[in-house]
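To start, the structure itself, in structure tokens.
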């Protein structure tokens, strides 16, 4: 049953693993939030992104490198990567729903890249145009291999998606061969200060069979923690270069780097069977989940260095939770899910997808968050820049990264193994895996019933495994210890199976070690984390508190202005007297919240926030 | 009685003001913590600092500028300022207690500076050596006028202290005249991205009578918020260039910059009488104190940008509270105290001095904090660099800044006005103000009794005013509404007066709007904020909580190993069960702290922390 894996049209196609993926085109998503995100991603975001490739200097920079343009280099040294992620988004979008404009854009871009590429295969417009004497001489911050990695992923996508990718793949292979010559067989030692190329090299190996790509990825991972690159000025933890990967116990430094590195580590494990790699990655995962993960699935507690912090350092207001980190975390968890089959990784994918990730994009798909905090204060003076979604960024790593994930969402829905089919994420539509076709009807995540109808199936027994999220405490049928409910039988066309997840709203409390959340609670329902926004309150949100143990009431809204369809949750709150401090805000009087006026407070799904007034928001709210 | 002000040997000598300062040499401090700090500052810190002038490249850079050296420029573009602050420290130290090595160092440095100075008066080793074509062309981050300001302050100090300063003053005046030619009469508009020169120019005007220096300071202040300089990449708030100073309501951006700017604003008010300047500065002071000030008096909630944050954003763990910001805050408050006579400014000076500032230096005077947080976690992985005091820093702005303040502490103890003498800070020793000599006997801040003995006095009536800190709720004699207790009479030699401050330990609670401190309390006694350090506990500090309303017991220690003399405070605590999360640290169970084992917890003055095991520390501790 796992024989499709060889021709899967998706971002990750490992040759081993407990579970094996389906292609982007094997899963049709036909509605629900995921379907909506795919629609606005195609209609609004990708359209905007393609325009920005010209406006932000990405394509002009490459023309300079190709000797076809004039003017100064624009933007950052990693500007090329914006194009690569945009190309990958376009390729998966074409795989999902073909449109001739997509292969045309890929082919045109590939032509430009081929003309910009040096004869030896090197390709990076910044270094070719601005710093030709510094090529591979500033690995600590050059992002040259980081950009190469995104090129490889774009080429893999275009090839698998049959999206005008022949020339792009040739460009990628020439650069990959050059990296092999320099850093594998050529004897140069080093790493890129920003991990990413490792996972990309493994995928390029999977596509092409060229084993030196895998060997280079393995070497780059083994090279970490040896001090082979200079300090970028941010310290060795920033680039996870403080310890060899097998010795590091906890996620540190720049969150996106750590998370992409982990994806590469699991990728190398999947192809080489080196258990020590899986073991160290799982060890860090368990530590990170228990001590360094926001309730939204976001990662990175610090603006300074866009970094993880110390254990239990999880501030709601200054949580960085970069959109790219959510994407990288989904990549890593997906590899761990395929490698081990454990439902906990799919659980974290779901939490991240519906919260930290989904919040990154406005309801209309035209504005993006780079940083995804869990609280926005009243004043928004210092945070005027990052406090609201923006159309684009000088450092535009996030928007095209978001687009490539949304276009490829179908890839993350279900897997196969020798026993049958496992469904990890629930969305209405259709799943095809070899002889099996499964229709999915659901109003998830607004409703907890997911109805599966077998449309075609082999005549033999196979197992349908359905993930039961850890939050669903009363599920029918219940889950086994692996987090899945499983039915093994011969399935006939027309057979149905219903899963009922527990959609009761939940009041959630933080572990006592999280100092920044003491005395607060949050609201969840299904996979959605909620927040309180000023727009929905009857009084100033900063003066509202939750009544401990409050009843939580579900309010369905078909079209909340600015937000669209949603489910609100009402709770019992107290309106506290507002008494700004006169002098220092410290006194001998205890801060037990005084009794206030009873008032209803209303929560909205976190991923739908900042589509209205730009006012105060908080996920974690004080308990009266 | 105010006629001394004209010959005062101190850093700040305004020509107007409700209160007028005394010189560094008018107050002898003979013991107590302040006396101890002055002793180790002289014996250890200044000795270390003078060595570092050579080692860290400061003097070699100036030799390069003078055409006398070889090798590369070392360090930052503001490296010269380290020397200027060191010179100022040496000058005040000489004023306090003469030593021929000090004027010799000043004269030698002045000679080098004179040789490095361009004929037109310009002086900055970085720009002269590294970027001669960019002089005054990168004001947003050049620090050229910032360095000039520290030169002016050093020259003022050396002149007033009679510490070999004739040539230094000539160098300073040539540079100041050049700044006047370029930025006042020459028509160039601009500001320095890092405020500092404003307050320094006013002081150079006060010393020399050259009114163009004052006019330039006023112009630079009026130039803020007009967008005259480029964005340094940190946004206009970082440099307080987002709004004209009279329009800005709240302290923003880089804390040290904001606080030095405020000092300059009050300085210009003091010399010009422009009430709109005092008014806007007081408005921001009130807002800052109520919403952006740590209990230690520290300022700057963010590592990112070393910045103030939003209102009520006061995290204990990630508080930046730069040592230089504590110094700048003391400068600003001192000016406000002189300008208005309000005791609240002296209160904040005391809080800052004994806590945020004093914590910056190790018990032996050889190691310094750049960042002064209110919590240190168990792991100290990400924070290995900034988590403990260090001998020096690549950016060494803090250590010589600390030294110049400690050497000049006597200046901040007392003031005079037409009515008599006001004492703002209490330390054993002697205060001389014209015909008045007052001996001070006290074991403050360990004990609350301060005994004043008049040693000489005029035959006429005058008022002795003594500050009663706001924390002293039961004081004998009690304070008036201005925060001072005052006695007006004819004083005879031998007359004594005793002030008894309330030294009961206090459990202090944060305002409910400070989310990061919810459910916690802190301990204070007298002017000292306390913290819990792992070294003093019977169990892991992360598992300890305070019993609400706990009795606080004072324990005197003559020589706590590593710390020296101190007063510890014991409280009733609970040892909570340690239960690290398995999976995400969020659950349906409330986080009310469970009942634990009763245990005594022990607090040490915050300013004495990090002199022992480098373990966990917290000022704000959870209430059980």
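Protein chains in written order, with my numbering: chain A, 104 to 727; chain B, 104 to 727. Built from N, CA and C at the ideal position, the CB exists for glycine as well. Predicted, not measured: the structure shown is a model, and the values here were computed from it.
Test: residue i CB closer than 8 Å to a CB of chain A
i              : result
residue 634(B) : no
residue 722(B) : no
residue 334(B) : no
residue 690(B) : yes
residue 283(B) : no
residue 166(B) : no
residue 360(B) : no
residue 486(B) : yes
residue 339(B) : no
residue 406(B) : yes
residue 116(B) : no
Beta carbon proximity, residue i to chain B, threshold 8 Å
i              : result
residue 260(A) : no
residue 645(A) : yes
residue 587(A) : no
residue 89(A)  : Residue 89(A) lies beyond the stretch modelled for chain A, which goes from 104 to 727, so this question has no answer here.
residue 757(A) : The structure shown has nothing for residue 757(A), since chain A only spans 104 to 727.
residue 425(A) : no
residue 120(A) : no
residue 443(A) : no
residue 685(A) : yes
residue 302(A) : no
residue 106(A) : Here the model assigns residue 106(A) a pLDDT of 43, short of 50, so the residue's position is not dependable, and the following value carries that caveat. It does not; no Cβ of chain B falls within 8 Å.
residue 398(A) : yes
Whole-number beta carbon distance between residue j and residue i, since they are thought to touch under 8 Å
i              : j              : result
residue 441(A) : residue 123(A) : 7 Å
residue 605(A) : residue 578(A) : 6 Å
residue 243(B) : residue 332(B) : 4 Å
residue 184(A) : residue 250(A) : 5 Å
residue 368(A) : residue 348(A) : 6 Å
residue 678(B) : residue 705(B) : Residue 678(B) to residue 705(B), Cβ: 13 Å. No contact.
residue 517(B) : residue 524(B) : 6 Å
Three-state class that DSSP yields for residue i in the structure shown
i              : result
residue 321(A) : helix
residue 713(A) : coil
residue 150(A) : helix
residue 446(B) : helix
residue 484(A) : coil
residue 104(B) : Unreliable positioning characterises residue 104(B) in this predicted model, as indicated by a pLDDT of 39, which lies under 50. A coordinate reading is not provided.
residue 634(A) : strand
residue 545(B) : strand
residue 295(B) : coil
residue 464(B) : strand
Residue i - partner residues in DSSP beta bridges
i              : result
residue 478(B) : 721(B)
residue 623(B) : 725(B)
residue 675(B) : 703(B)
residue 648(A) : 677(A)
residue 332(A) : The partner list for residue 332(A) (beta bridge, DSSP) is empty, contrary to what the question assumes.
residue 563(A) : None; residue 563(A) has no bridge partner.
residue 570(B) : 587(B)
residue 229(B) : DSSP, once it has assigned bridges, lists no residue as partnering residue 229(B).
residue 733(B) : The structure shown does not extend to residue 733(B), since chain B is modelled only from 104 through 727, so no value can be given for it.
Given 8 Å as the limit, is there contact between the region 478–495 of chain A and the region 160–177 of chain A, that is, 3 or more CB pairs closer than that?
The region 478–495 of chain A, when compared against the region 160–177 of chain A, does not touch it at the 8 Å Cβ threshold.
Three or more beta-carbon pairs under 8 Å between the region 193–208 of chain B and the region 258–274 of chain B, yes or no?
Between the region 193–208 of chain B and the region 258–274 of chain B, the count of C-beta pairs closer than 8 Å reaches three or more; the two stretches touch.
Quick test of the definition: if touching needs 3 or more C-beta pairs under 8 Å, does the region 552–572 of chain B touch the region 533–541 of chain B?
Touching, yes.
So, does the region 273–293 of chain A touch the region 309–316 of chain A, judging by three or more C-beta pairs under 8 Å?
Two segments are said to touch when three or more pairs of C-beta atoms, one from each, lie closer than 8 Å; by this definition the region 273–293 of chain A touches the region 309–316 of chain A.
Between the region 633–643 of chain A and the region 699–714 of chain A, are three or more C-beta pairs nearer than 8 Å?
Counting C-beta pairs with one atom in each stretch, the region 633–643 of chain A and the region 699–714 of chain A have three or more that are closer than 8 Å, which means they touch.
Do the region 619–636 of chain A and the region 447–465 of chain A meet, that is, are 3 or more Cβ pairs less than 8 Å apart?
A contact exists between the region 619–636 of chain A and the region 447–465 of chain A.
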